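Chemist: Would you mind keeping the following structure in view while I ask a few things?
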Amino acid sequence: MSRFFDTKIEFLKGVGPQKAALLNQELGIFTYGDLVQHYPFRYEDRSKFFKIRDLHQDLENVQIIAKVMRVELVGTGKRRLVAHVADETGEMEMTWFKGIQWVQKKLPPGAVYIFFGKPAQFGRKWSIAHPEMEPLSQSAEKRNSFQPVYSTTEKLRARFLDSRGISKIMEQLIQVCLPHIQETLPQDLLQQYQLIGKQDAVREIHFPTDPARLQRARKRLKFEEFFFLQLRLLKMKVTRTEKYRGQLLENTELLKDFYENHIPFELTGAQKRVIREAYQDMKSGKQMNRLIQGDVGSGKTMVAFICMLIAISSGAQACLMAPTEILANQHFEGLKEYADMMGISIALLTGSVKKSARKGIHEGLESGELKILIGTHALLEDVVQFQNLGLAIVDEQHRFGVAQRAKLWAKNENFYPHVLVMTATPIPRTLAMTLYGDLDVSVIDELPAGRKPIQTVHRYDKDRLKVFGFINQEVQKGRQVYIVYPLIEESEKLNLKNLMDGYESIARAFPNYPLSIVHGAMKADAKDYEMQRFVKGETKIMVATTVIEVGVNVPNASVMVIENAERFGLSQLHQLRGRVGRGAEQSYCILMSKYELSKDSRVRLETMVRTNDGFEIADVDLKLRGPGDLMGTQQSGITDLLIADLSKDAPILTLARDAAQQVLANDPNLSQPENAPILRQVRQHKKSAVNWSRIS
Numbered sequence: 000m001s002r003f004f005d006t007k008i009e010f011l012k013g014v015g016p017q018k019a020a021l022l023n024q025e026l027g028i029f030t031y032g033d034l035v036q037h038y039p040f041r042y043e044d045r046s047k048f049f050k051i052r053d054l055h056q057d058l059e060n061v062q063i064i065a066k067v068m069r070v071e072l073v074g075t076g077k078r079r080l081v082a083h084v085a086d087e088t089g090e091m092e093m094t095w096f097k098g099i100q101w102v103q104k105k106l107p108p109g110a111v112y113i114f115f116g117k118p119a120q121f122g123r124k125w126s127i128a129h130p131e132m133e134p135l136s137q138s139a140e141k142r143n144s145f146q147p148v149y150s151t152t153e154k155l156r157a158r159f160l161d162s163r164g165i166s167k168i169m170e171q172l173i174q175v176c177l178p179h180i181q182e183t184l185p186q187d188l189l190q191q192y193q194l195i196g197k198q199d200a201v202r203e204i205h206f207p208t209d210p211a212r213l214q215r216a217r218k219r220l221k222f223e224e225f226f227f228l229q230l231r232l233l234k235m236k237v238t239r240t241e242k243y244r245g246q247l248l249e250n251t252e253l254l255k256d257f258y259e260n261h262i263p264f265e266l267t268g269a270q271k272r273v274i275r276e277a278y279q280d281m282k283s284g285k286q287m288n289r290l291i292q293g294d295v296g297s298g299k300t301m302v303a304f305i306c307m308l309i310a311i312s313s314g315a316q317a318c319l320m321a322p323t324e325i326l327a328n329q330h331f332e333g334l335k336e337y338a339d340m341m342g343i344s345i346a347l348l349t350g351s352v353k354k355s356a357r358k359g360i361h362e363g364l365e366s367g368e369l370k371i372l373i374g375t376h377a378l379l380e381d382v383v384q385f386q387n388l389g390l391a392i393v394d395e396q397h398r399f400g401v402a403q404r405a406k407l408w409a410k411n412e413n414f415y416p417h418v419l420v421m422t423a424t425p426i427p428r429t430l431a432m433t434l435y436g437d438l439d440v441s442v443i444d445e446l447p448a449g450r451k452p453i454q455t456v457h458r459y460d461k462d463r464l465k466v467f468g469f470i471n472q473e474v475q476k477g478r479q480v481y482i483v484y485p486l487i488e489e490s491e492k493l494n495l496k497n498l499m500d501g502y503e504s505i506a507r508a509f510p511n512y513p514l515s516i517v518h519g520a521m522k523a524d525a526k527d528y529e530m531q532r533f534v535k536g537e538t539k540i541m542v543a544t545t546v547i548e549v550g551v552n553v554p555n556a557s558v559m560v561i562e563n564a565e566r567f568g569l570s571q572l573h574q575l576r577g578r579v580g581r582g583a584e585q586s587y588c589i590l591m592s593k594y595e596l597s598k599d600s601r602v603r604l605e606t607m608v609r610t611n612d613g614f615e616i617a618d619v620d621l622k623l624r625g626p627g628d629l630m631g632t633q634q635s636g637i638t639d640l641l642i643a644d645l646s647k648d649a650p651i652l653t654l655a656r657d658a659a660q661q662v663l664a665n666d667p668n669l670s671q672p673e674n675a676p677i678l679r680q681v682r683q684h685k686k687s688a689v690n691w692s693r694i695s
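Take the sequence shown: its position 56, counting from 1, is numbered 55 in numbering that gives the first Met the number 0, and each next residue is one higher.
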């Protein structure tokens, strides 16, 4: 859009400084450009009018044409304004509690208005509180039966910037701004994807002439948003592959030795495919930036270790960064077993590692003797310097900020390290395409042989004694059990109380079994001690908050009981369930909840019972919550989407990505004359100083 759209909103007719200040504060609308992109969130059919005698309780909003009979102020103290209005079938009241003086001036007796709002009945009298209203004579000239509804706030409504008020200033803006709206897409794309022009789309989205044209306007604007988001991500990918060199890591001697002589189990077909994909990247001479998505228990750690072997064979070092000490410890224990088989040096660096041990780790990294470093964000400290970091692996990537991850790449001055990002949080395809559009994506979509699917059931609080009986049976078979309580964000004290109450009731129910307890308020070493007791089988039941959500691996644990399961999100429930089912025995997940559930809570629990497929669960989660709440989206540009919706508009996203790929394949620099509109738009939206192409 042109500079015209940078004009401050206060200069628009009908706004002025006071309303402008409110629009700034309440809706973040500062300029003409902000206002024109404040799209309606729904539309109302205003073609129908009701007679007063036809009103009934089940109606939502209604339109009534009525004459003002008389107006009066009622009550003492906080007074209200009541307008008595009538049509040929009866009388009713219109009531205002705010803005009384302004309304009073607008309602002379005898004036005929269109009133719009939700009717309520008090005794025999119908009333509408704070109706929208406009004179019938004024409305007749320019009335459109399909009216936009804009989001607004209480403060704005008090200044008559309700949806209708915003619509009126939008009318002013559309009249003056249409000639300034520049086309952002080339003609051939408009024709190929049957899209209307930008000017038509903006006019129709705010003031649609009919439902069919509105649909075309929405499609056009959604396509445009997705197109420029995908274009940006794809350009990053091109820049990264062309500009950022990676070390040639192609020696596979250690891999062959490990595979032929030491590997403890056969790799799945999916693991082999993903290793091949990563190896192709590592020997390409370009920096690898690959996301590995694997459901819980799919064997991502083994894939990571084999990639480390390729790096070490080729003379480089490798590191793995995990979001928590528990998870870093777990990776270290698992990988150390393999590294020791191969005679490869490996160390753990977390906040708990003593100063004396750190010194040895730092020296080993700088000399090149230490080949693998596992750790938390302690890896990012300036004193941690590698001789030659060739491979950086980031686990559960959404828990690290962009700036934190960027610090890893500075650990090698000659080449950017190859990057593997691992996540056990399945991401719907549409979200992955947007969140990770600049990464290459590999999916481990196969579980190791011999794993039995976890059986999931939903039980209510009244079934607790039966659940305890089942837990007892499993422990007597030699198995172990998790019982997890939710975190209540508002209150740490309440969290601890709920957990301790739960712990005491479990201790009473199972007096003969040793218990572990883990919660967020514990110190790291105490938490680790309790975890290790459970891992070693010294305790039979682990009572915990969600600190055990990610990565804990106890093959002997066969039951996961989730208390107040309705308080958890779907992806959390799926992650927690993944803590069991890691051995050869049948495992179970029991979702405990109260009987009264919201619609969304019931859908979540029914989904968990129905399927173990993390990708199906992620799709349901996206539909329930929308993308803005899902992990990692704050850094993706998704939250900048004004009209497109990832959970509903997947087909348009796919078209837009295809179009962006087609444009860049034919004209990577956007230098051809027909792509001038795209280039102009890209230049106007270069905001970010972060170099996204280097950081996953």
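Beta carbons: idealized from backbone N, C-alpha and C, even for Gly. In this text, all values refer to a predicted model and were calculated from it rather than measured experimentally.
So V483 is in the alpha helix (DSSP H); what residue range does that whole segment cover?
Modeler: Note, V483: premise wrong, no alpha helix (DSSP H); beta strand (DSSP E) at 479-483.
Chemist: Roughly how many whole angstroms lie between the Cα atoms of R45 and R624?
Modeler: 31 Å
Chemist: To the nearest angstrom, how far is the alpha carbon of T544 from that of H205?
Modeler: 48 Å
Chemist: Measuring only the C-alpha atoms, how far is S136 from N674?
Modeler: 48 Å
Chemist: Mapping the DSSP letters down to three states, classify R609 as helix, strand or coil.
Modeler: Reduced to three states, the DSSP call for R609 is helix.
Chemist: Check F4 in the structure and name its three-state DSSP category.
Modeler: The answer is helix: DSSP assigns F4 an H, G or I state.
Chemist: When you compare each of Q146, V175, P178, I360 to G164 by their alpha carbons, which one comes out closest?
Modeler: Nearest of Q146, V175, P178, I360 to G164, Cα basis: Q146.
Chemist: Could you give the residue range of the beta strand (DSSP E) that holds F740?
Modeler: Coverage of the chain is limited to positions 0 through 695, which leaves residue 740 absent and any answer about it impossible.
Chemist: Between the alpha carbons of T151 and Y31, how many angstroms are there, rounded?
Modeler: Rounded to the nearest angstrom, the gap between the Cα atoms of T151 and Y31 is 17 Å.
Chemist: Thinking C-beta only, is S557 closer than 9 Å to V542?
Modeler: Taking 9 Å as the Cβ cut-off, V542 and S557 do not qualify as a contacting pair.
Chemist: Could you pull out every residue in the same chain whose Cβ sits closer than 6 Å to the Cβ of L290, ignoring the five residues on either side in sequence?
Modeler: V420, Y435, L438, V440
Chemist: Quick one: give me the first and last residue of the beta strand (DSSP E) that V273 is part of.
Modeler: Per DSSP, V273 belongs to no beta strand (DSSP E); it is in the alpha helix (DSSP H), 268-281.
Chemist: Name the two residues that bound the continuous alpha helix (DSSP H) containing G449.
Modeler: Element bounds for G449: n/a, residue is neither H nor E.
Chemist: Compare the C-alpha of H518 against each of K535, Y481, F509 and name the closest.
Modeler: Y481
Chemist: Measuring CA to CA, which of G245, R532, K282, Q479 is closest to F509?
Modeler: Ranking G245, R532, K282, Q479 by Cα distance to F509 puts Q479 first.
Chemist: I'd like to confirm the pairing. Which residues does DSSP put opposite G89 in its beta bridges?
Modeler: D86
Chemist: Decide if F526 is buried, meaning its Cβ has at least 16 other Cβ atoms within 10 Å, or exposed.
Modeler: Correcting the residue identity first, residue 526 is Lys in this sequence and not Phe. Buried: at least 16 other Cβ atoms inside 10 Å.
Chemist: Is the distance from the Cβ of F257 to the Cβ of L308 below 9 Å?
Modeler: yes
Chemist: Going by DSSP, which residues form a beta bridge with K18?
Modeler: None; K18 has no bridge partner.
Chemist: In the stretch 313-379, which residue ranges form an unbroken alpha helix (DSSP H) of at least 4 residues, counting only runs that do not cross its ends?
Modeler: Whole alpha helix (DSSP H) segments, 4+ residues: 324-341, 354-366.
Chemist: Suppose you measure from the CA of D5 to the CA of K234; what does that come to, to the nearest Å?
Modeler: Computed Cα separation, rounded: 27 Å.
Chemist: Buried or exposed: A211, going by 16 or more other Cβ atoms within 10 Å of its Cβ?
Modeler: exposed
Chemist: Enumerate in chain order the residues of its own chain whose CB-to-CB distance from L34 is below 8 Å, with the five nearest sequence positions on each side excluded.
Modeler: Here the set comprises I8, L11, L22, I28, I168, M169, L172.
Chemist: Between the beta-carbon of L348 and the beta-carbon of F304, is there less than 9 Å?
Modeler: no
Chemist: Which ranges does the alpha helix (DSSP H) cover as unbroken runs of at least 4 residues, wholly within the stretch 69-137, from first to last along the chain?
Modeler: 99-105
Chemist: Assuming K255 and I651 make a contact with CB atoms under 8 Å, what is their CB distance in whole Å?
Modeler: The Cβ separation is near 47 Å, so there is no contact.
Chemist: Check whether the Cβ atoms of T300 and H261 lie closer than 9 Å to each other.
Modeler: no
Chemist: Give the list of continuous beta strand (DSSP E) stretches no shorter than 3 residues that lie fully inside the stretch 546-577.
Modeler: 556-561
Chemist: Less than 9 Å between the beta carbons of P427 and D618, yes or no?
Modeler: yes
Chemist: Looking only at its own chain, which residues have a Cβ that is under 8 Å from the Cβ of V602, when we skip the five neighbours before and after it?
Modeler: Closer than 8 Å at the Cβ level, and outside the excluded window around V602, lie V619, L623.
Chemist: Give me the DSSP bridge partner(s) of V440.
Modeler: L290
Chemist: Using DSSP with H/G/I as helix, E/B as strand and the rest coil, what is E9?
Modeler: helix
Chemist: Below 6 Å CB to CB, which residues in the same chain sit around Y337 once its five sequence neighbours on both sides are set aside?
Modeler: F304
Chemist: For T208, tell me which candidate among Y42, T267, G314 has the shortest Cα-Cα distance.
Modeler: Y42
Chemist: Is the stretch 151-162 touching the stretch 119-126, taking contact as three or more C-beta pairs under 8 Å?
Modeler: At 8 Å Cβ cutoff, the stretches do not touch.
Chemist: What residue range is occupied by the uninterrupted alpha helix (DSSP H) comprising L172?
Modeler: 162-176
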